[in-house]
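Peer 1: The structure under discussion is supplied below as structure tokens; questions concerning it will follow.
Number of protein chains: 2
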Amino acid sequence: MKIGKGVEWAAHTCALLALLPANAALALDTLAEFIGVPSPYLAKQMQMLSRAGIVKAKRGVAGGYKLARLPETISLWDITGAVDGTTPSFRCTEVRKNGPCGASSDEVITPCKIAASFRNAEDKFRQELNSVKLPELVAGIALDVSDERKTRIKAWIEQNAAFSS
Amino acid sequence: MKIGKGVEWAAHTCALLALLPANAALALDTLAEFIGVPSPYLAKQMQMLSRAGIVKAKRGVAGGYKLARLPETISLWDITGAVDGTTPSFRCTEVRKNGPCGASSDEVITPCKIAASFRNAEDKFRQELNSVKLPELVAGIALDVSDERKTRIKAWIEQNAAFSS
DNA sequence: CAATTACGGATAAAATTTATCTGCAATTAA
DNA sequence: TTAATTGCAGATAAATTTTATCCGTAATTG
Ligand code: FES
Ligand code: FES
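See below:
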């Protein structure tokens, strides 16, 4: 059970984009600098987020990324699913069909109890992540940010964001 | 988010061992044949289960594996944890410390909200798996097994298990 | 003692994740 | 229209993890 590290980047990126004024966008390289990760790889995650309809990309001069929809409608699961995929973590290879006492293919109609249990557990996992929306995330992160740093972040955004006319 | 396929093997192995009479054991090669997986690799999972105190190994002539404790005390999470490890799936690399507006090390006392959310989700996942004990698993699997096959399985065990004097 | 069987570590092959690069398409402003 | 900028998609390469096997050793039995 492992989650790609790109998810951490993507989540923090979305949290940053949520702070952005409506008429502003942040370019890939700018985002990468802020988060402190290699930009060619972050590009991949941003493309995933874009295809999933979580962020909106604008090309060309003064282009960049911004959120595609209201923060309230973006959950941590949305981000995780977009970047890391939604394929179940438990892979059932139907071992119950193997061996000298294996089940015949037409005998196994219901999913194996073991696989079903994992599916249940994953549902719980997903539900929990899905209950955490972007505003809650931003608020939670902000708890650790001093007023001084809040000011610095605001200034940095002002200076590095691309504002549309 | 991915779980090693060895978990499926280990779970089915434990389900099989739960059917075993108290004075019987199954050797590695015998187990591997029943489940239909390569025995040198299954050996690894069995060693994990052994070290975790889920199965009991007995070396030497007429040796093999049996459950180390009552089936009621063995959960699907116990098996998963033993074989696949218990390291959290989400890896926080503290990106919040990076970049031009990164937090200083002494500023971040509480865990990042993002990481905390994933920890919550994993707790739910683990709790769900932990609620599924071996007897329930065995019963669930048995639903799909015809009476004819139940008889064959019983006979196979009788024939291949090592019985202690 | 001889046969059997699990254990542990080392090793190798395969798959996946992580990271980078390049050419192209879109957008904007001069 | 041209030039500069910026994201997109696919190919590629490096690193890591998963999967699988092997072998020498230790324990157990009779
Ligand atoms: S056959 Fe795949 S989990 Fe039982
Ligand atoms: S710093 Fe790691 S999840 Fe926020």
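Protein sequence lines, in the order shown, are assigned to chains A and B. Per full-length UniProt numbering: the first sequence = residues 1 to 165. Per full-length UniProt numbering: the second sequence = residues 1 to 165. Each residue gets a CB set at the ideal place from its N, CA and C atoms; glycine is no exception.
(1) Would you check if the region 152-162 of chain A and the region 95-108 of chain A touch, i.e. whether three or more CB-CB distances between them fall below 8 Å?
(2) Go through the region 1-84 of chain B residue by residue and report every complete run of the beta strand (DSSP E) that reaches 3 residues or more, in order.
(3) Run down chain A in chain order and give the residues with a C-beta less than 8 Å from the C-beta of residue 153 (chain B).
(4) By the 7 Å beta-carbon criterion, what residues does the region 17-34 of chain A contribute toward chain B?
(5) Does the separation of the CB atoms of residue 11 (chain A) and residue 54 (chain A) fall below 8 Å?
(6) Hey, is residue 95 (chain A) close to ligand 1, as in C-beta under 7 Å from one of its heavy atoms?
(7) Give a yes or no on whether 8 Å exceeds the smallest Cβ distance from residue 168 (chain B) to chain A.
(8) From residue 13 (chain B) to residue 83 (chain A), what distance separates their C-alpha atoms?
(9) From what residue to what residue does the alpha helix (DSSP H) around residue 137 (chain B) run?
(10) May I ask you to list the residues that DSSP assigns as paired with residue 115 (chain A)?
(11) Tell me whether residue 103 (chain A) sits in a helix, a strand or coil according to DSSP, three-state version.
(12) Looking at C-alpha atoms only, which residue of A:20, A:118, A:19 and A:7 is the closest neighbour of residue 137 (chain B)?
(13) So, under 8 Å CB-CB, residue 3 (chain A) and residue 89 (chain B) are touching, yes? Tell me the CB distance rounded to an integer number of Å.
(14) In chain order, what residues of the same chain lie with their CB nearer than 7 Å to the CB of residue 161 (chain A), ignoring the 5 residues before and after it?
(15) Hey, is residue 128 (chain B)'s beta-carbon within less than 8 Å of any beta-carbon in chain A?
(16) I need the straight-line Cα distance from residue 146 (chain A) to residue 97 (chain B), nearest angstrom please.
(17) Any Cβ of chain A within less than 8 Å of the Cβ of residue 110 (chain B)?
(18) Say whether chain B places a C-beta atom closer than 8 Å to the C-beta of residue 89 (chain A).
(19) Got a sec? Which residues, its chain only, sit under 6 Å from residue 6 (chain B) by beta carbon, not counting five neighbours each side?
(20) Need the endpoints of the alpha helix (DSSP H) that residue 150 (chain B) sits in, please.
(21) Identify the contact partners of residue 121 (chain A) in chain B, using a Cβ-Cβ distance below 7 Å as the criterion.
(22) By how many angstroms is the C-alpha of residue 121 (chain B) removed from the C-alpha of residue 112 (chain B)?
(23) If you measure from the beta carbon of residue 55 (chain B) to each beta carbon in chain A, is any gap under 8 Å?
(24) Can the beta-carbon of residue 114 (chain B) be found less than 8 Å from the beta-carbon of residue 8 (chain A)?
(25) Return yes when at least one heavy atom of ligand 1 lies under 7 Å from the C-beta of residue 8 (chain A), else no.
Peer 2: Taking the coordinates as given:
(1) The way I'd put it, the region 95-108 of chain A doesn't touch the region 152-162 of chain A; fewer than three beta-carbon pairs between them come closer than 8 Å.
(2) Counting whole runs of 3 or more residues, the region 1-84 of chain B contains the beta strand (DSSP E) stretches 55-58 and 64-67.
(3) Within 8 Å Cβ-Cβ: 101.
(4) Within the region 17-34 of chain A, the residues whose Cβ lies closer than 7 Å to some Cβ of chain B are 33 and 34, listed in chain order.
(5) It is not a contact, given that the beta carbons lie outside the stated cut-off.
(6) True, at least one ligand heavy atom lies under 7 Å from that Cβ.
(7) Summary: the structure shown does not reach residue 168 (chain B), with chain B confined to residues 1 through 165, and so no result is reported for it.
(8) Cα to Cα, the separation comes out at about 34 Å.
(9) Judged by DSSP secondary structure, residue 137 (chain B) falls within the alpha helix (DSSP H) whose first and last residues are 134-142.
(10) Within the DSSP bridge table, the entry for residue 115 (chain A) names no partner.
(11) DSSP, read as helix, strand or coil, puts residue 103 (chain A) in coil.
(12) The candidate whose alpha carbon is nearest that of residue 137 (chain B) is A:118.
(13) That belief holds up - the Cβ atoms of residue 3 (chain A) and residue 89 (chain B) are roughly 5 Å apart, short of 8 Å.
(14) Apart from the 5 residues on each side of it in sequence, residue 161 (chain A) sits with its Cβ closer than 7 Å to the Cβ of 20, 24, 25 and 26 in its chain, given in chain order.
(15) Answer yes: the Cβ-Cβ gap between residue 128 (chain B) and chain A drops below 8 Å somewhere.
(16) Using only the alpha carbons, I get a separation of about 13 Å.
(17) By this cut-off, residue 110 (chain B) is an interface position.
(18) It does; some Cβ of chain B falls within 8 Å.
(19) Same-chain partners within the cutoff: 45 and 83.
(20) Looking at the DSSP string, the run of the alpha helix (DSSP H) that includes residue 150 (chain B) is 147-160.
(21) Within 7 Å Cβ-Cβ: 125, 128 and 129.
(22) Cα to Cα, the separation comes out at about 14 Å.
(23) Between residue 55 (chain B) and chain A, the shortest Cβ-Cβ separation is not below 8 Å.
(24) Yes. Within cutoff.
(25) Shortest gap from the CB of residue 8 (chain A) to any heavy atom of ligand 1: 7 Å or more.
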